[in-house]
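K.L.:
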Amino acid sequence: MGAMNRLIVFSACAASMGAADNAIAKPEHLERVRVLLMTQKAMCVSCHTAADSPDLNPYGRALADLGNDEPLSERMLSLAKLPRQQRGQEDSAANDPQQDIDKDGIPNWVEVLAGTNPGDKASAPDTETRDKIESIISCKICHVETNAPGQTDQQRNPHNELGKLLAKTNDPAGSRAPRERSARGERGERGPRSGSESTPILKRIKLAAMKPGRSGKAGYWEKLLLLCAPADAAEPPAEDVKQLRRFIRNQKSKKTRDETRGMGPHKPDGFLKDAL
Ligand SMILES: [Ca+2]
Numbered sequence: 000m001g002a003m004n005r006l007i008v009f010s011a012c013a014a015s016m017g018a019a020d021n022a023i024a025k026p027e028h029l030e031r032v033r034v035l036l037m038t039q040k041a042m043c044v045s046c047h048t049a050a051d052s053p054d055l056n057p058y059g060r061a062l063a064d065l066g067n068d069e070p071l072s073e074r075m076l077s078l079a080k081l082p083r084q085q086r087g088q089e090d091s092a093a094n095d096p097q098q099d100i101d102k103d104g105i106p107n108w109v110e111v112l113a114g115t116n117p118g119d120k121a122s123a124p125d126t127e128t129r130d131k132i133e134s135i136i137s138c139k140i141c142h143v144e145t146n147a148p149g150q151t152d153q154q155r156n157p158h159n160e161l162g163k164l165l166a167k168t169n170d171p172a173g174s175r176a177p178r179e180r181s182a183r184g185e186r187g188e189r190g191p192r193s194g195s196e197s198t199p200i201l202k203r204i205k206l207a208a209m210k211p212g213r214s215g216k217a218g219y220w221e222k223l224l225l226l227c228a229p230a231d232a233a234e235p236p237a238e239d240v241k242q243l244r245r246f247i248r249n250q251k252s253k254k255t256r257d258e259t260r261g262m263g264p265h266k267p268d269g270f271l272k273d274a275l
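Quick note on numbering: numbering that gives the first Met the number 0 labels position 95 of the sequence shown as 94, and the sequence is numbered without any gaps.
(1) Excluding five sequence neighbours on each side, which residues of the same chain lie with their C-beta closer than 6 Å to the C-beta of residue 12?
(2) Give the range of the alpha helix (DSSP H) segment to which residue 111 is assigned.
(3) Hey, is residue 99 close to ligand 1, as in C-beta under 6 Å from one of its heavy atoms?
(4) Does the beta carbon of residue 105 fall short of 6 Å from some heavy atom of ligand 1?
(5) Are there any heavy atoms of ligand 1 lying less than 6 Å away from the beta-carbon of residue 110, as far as the coordinates show?
(6) Taking one C-beta from the segment 108-127 and one from the segment 39-53 each time, how about it: are there three or more such pairs within less than 8 Å?
(7) Express the C-alpha separation of residue 242 and residue 216 in angstroms, rounding to a whole number.
(8) Counting pairs of Cβ atoms below 8 Å between the segment 48-59 and the segment 140-156, do you hit three or more?
(9) Determine the direct distance from the alpha carbon of residue 137 to that of residue 147, and round the result to whole angstroms.
(10) Am I right that residue 76 and residue 34 are in contact with their C-beta atoms under 8 Å? What's the rounded C-beta distance?
(11) So, residue 71 versus residue 265, is the Cβ gap smaller than 7 Å?
(12) Can you determine whether any heavy atom of ligand 1 sits closer than 6 Å to the C-beta of residue 82, and answer yes or no?
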């Protein structure tokens, strides 16, 4: 394992490990962020039997079996769901076996982020890596807590700094609603959130959270790619940030690209286009 592989798995920032979230609501925000991260951290062998082969491993086959009239992003989403209780579904029966195709006990999405093979039972991340991924890539990306005591949904699910930012981020080119209302002489809700809830979460992330941080510090999205809590003060080591930026830069050019990494010929489709 070279330095690059280590980097892509996770950075050495301090992790605040929290209890599993079990609130019910807004599961899509987290699920979509997961899939976007997956596409940025995937290797061809996350889904294929070899980097230069169109043949699929069992995880890739499960995606293909969902039928390629559905965008790949939507199929990845359906194999990267939160456990049923967390999605607010009554059914407390065993979770969907599709979420762990190779049945090694580790969800597909965790394996793709860990750089292990979601289609091979013999390949799995160690417990520390798994715990770290599940605690960082959680509701805590945007919320301080999701099940706190309180009267309102907002009191029970307070936002952290990134959540607050996203809650007021609005697509300037999108949502017409407030303007239409004022054209009709109504005074629509003009709170900080008006318009933002109708802007897809990945679009809001693109608009507000994908900038690199200032003076060499990691930005929110860079922290997530390094599997660091984005709203924590703890910074990933500067060297890791530099390496990540170099890697992203290299992937953009045919000459320097590592052809075994990322999504190759699969262009972002479905909801992933929100992040373009
Ligand atoms: Ca697995």
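We put the beta carbon where it would ideally sit given N, CA and C, even for glycine.
From a predicted model like this one, the values you see are computed outputs, not experimental measurements.
P.N.:
According to the data block:
(1) Here residue 12 corresponds to residue number 13 of the sequence shown, with the count starting at 1. So the qualifying residues of the chain are 227, 233, 235.
(2) Here the question's residue 111 lines up with position 112 in the sequence shown. Here the alpha helix (DSSP H) through residue 111 covers 107-113.
(3) The sequence position of residue 99 within the sequence shown is 100, counting from 1. Within the cutoff, so yes.
(4) As a working note, residue 105 is residue 106 in the sequence shown. Distance from the C-beta of residue 105 to the nearest heavy atom of ligand 1 is below 6 Å.
(5) What you label residue 110 is simply residue 111 of the sequence shown in a count that begins at 1. For ligand 1, at least one heavy atom lies less than 6 Å from the Cβ of residue 110.
(6) Touching, yes, given that three or more Cβ pairs across the two stretches are closer than 8 Å.
(7) Residue numbering aside, residue 216 sits at position 217 when the sequence shown is read from its first letter. Residue numbering aside, residue 242 sits at position 243 when the sequence shown is read from its first letter. Taking the straight line from one Cα to the other gives about 13 Å.
(8) The answer is no - the segment 140-156 does not touch the segment 48-59, with fewer than three Cβ pairs under 8 Å.
(9) Reading the sequence shown from its first residue, position 148 is the one you call residue 147. Reading the sequence shown from its first residue, position 138 is the one you call residue 137. A straight line joining the alpha-carbon of residue 147 with that of residue 137 spans about 16 Å.
(10) Position 77 of the sequence shown, counting from 1, holds the residue named residue 76. Position 35 of the sequence shown, counting from 1, holds the residue named residue 34. That pair is a contact at about 5 Å.
(11) Taking the sequence shown and counting its residues from 1, one reaches residue 71 at position 72. Taking the sequence shown and counting its residues from 1, one reaches residue 265 at position 266. Contact: yes.
(12) Along the sequence shown, read from residue 1 onward, the residue named residue 82 stands at position 83. No, ligand 1 has no heavy atom inside 6 Å of this Cβ.
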